[in-house]
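Enquirer: The numbering of the sequence shown is the working numbering, which starts it at 385 and goes up by one. The beta carbon of each residue, even a glycine, is placed where N, CA and C say it ideally should be.
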Amino acid sequence: MKFEPNSPPRKFEAGNHKIVMISDIGRLQLLPDEQITIANQRGAELDVTMKEWGYYATPSLNSRLLTFGLRSALVRNSMGRYFVLLIDSEMQGSFETYMAEQELTLALWLDDGEALDDLLLDRGGS
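#1: Under three-state DSSP, which class holds residue 327?
#2: Quick one: what's got a C-beta closer than 6 Å to residue 492's C-beta in the same chain, skipping five residues either side?
#3: Along the chain, where does the alpha helix (DSSP H) containing residue 438 start, and where does it finish?
#4: Could you please give the first and the last residue of the uninterrupted alpha helix (DSSP H) stretch that includes residue 445?
#5: Taking the alpha-carbon positions, what's the residue 434 to residue 472 distance?
#6: Taking C-alpha atoms, which residue in 442, 453 and 490 lies nearest to residue 465?
#7: What residue range is occupied by the uninterrupted beta strand (DSSP E) comprising residue 398?
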């Protein structure tokens, strides 16, 4: 693992409707089969694992991620772009406010195993 801090952080604006300032604090480089855990002040955690072919961007969506205090959602913005968001389970109200401010549409809760199974079956999966 190699971390390169941005000192000072690179700042840029983001958001299609309500503009927010983002601080890019650095770059983390992983090697295959290395994992990093990202945590917030309330203890919600996210594991990212690098593999030879790419990344596991999250733990299992409908199991471990939930036990870490995070829900996963697929959302669409007003420009037709899709994003996977991870929502702190204690901050659901804040997420709903953000969705309204940024004019995002919830496409699917990715932690709903039953809904995901239905999607898979609809596509001919098993």
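Expert: Checking against the coordinates, here is how it stands:
#1: Since the first residue shown for the chain is 385 and the last is 510, residue 327 is missing from the structure and cannot be characterised.
#2: The residue given as residue 492 occupies position 108 in the sequence shown. Answer for residue 492: 458, listed in chain order.
#3: Within the sequence shown, numbered from 1, the residue matching residue 438 stands at position 54. From DSSP, residue 438 is part of no alpha helix (DSSP H) but of the beta strand (DSSP E) over 438 to 440.
#4: The residue you call residue 445 lines up with position 61 of the sequence shown. No alpha helix (DSSP H) contains residue 445, which DSSP labels as neither H nor E.
#5: Residue mapping note: residue 434 aligns to position 50 of the sequence shown, counting from 1. Residue mapping note: residue 472 aligns to position 88 of the sequence shown, counting from 1. About 23 Å.
#6: Residue numbering aside, residue 465 sits at position 81 when the sequence shown is read from its first letter. Nearest C-alpha to residue 465: 490.
#7: Taking the first residue of the sequence shown as position 1, residue 398 is located at position 14. From DSSP, the beta strand (DSSP E) with residue 398 extends over 386 to 398.
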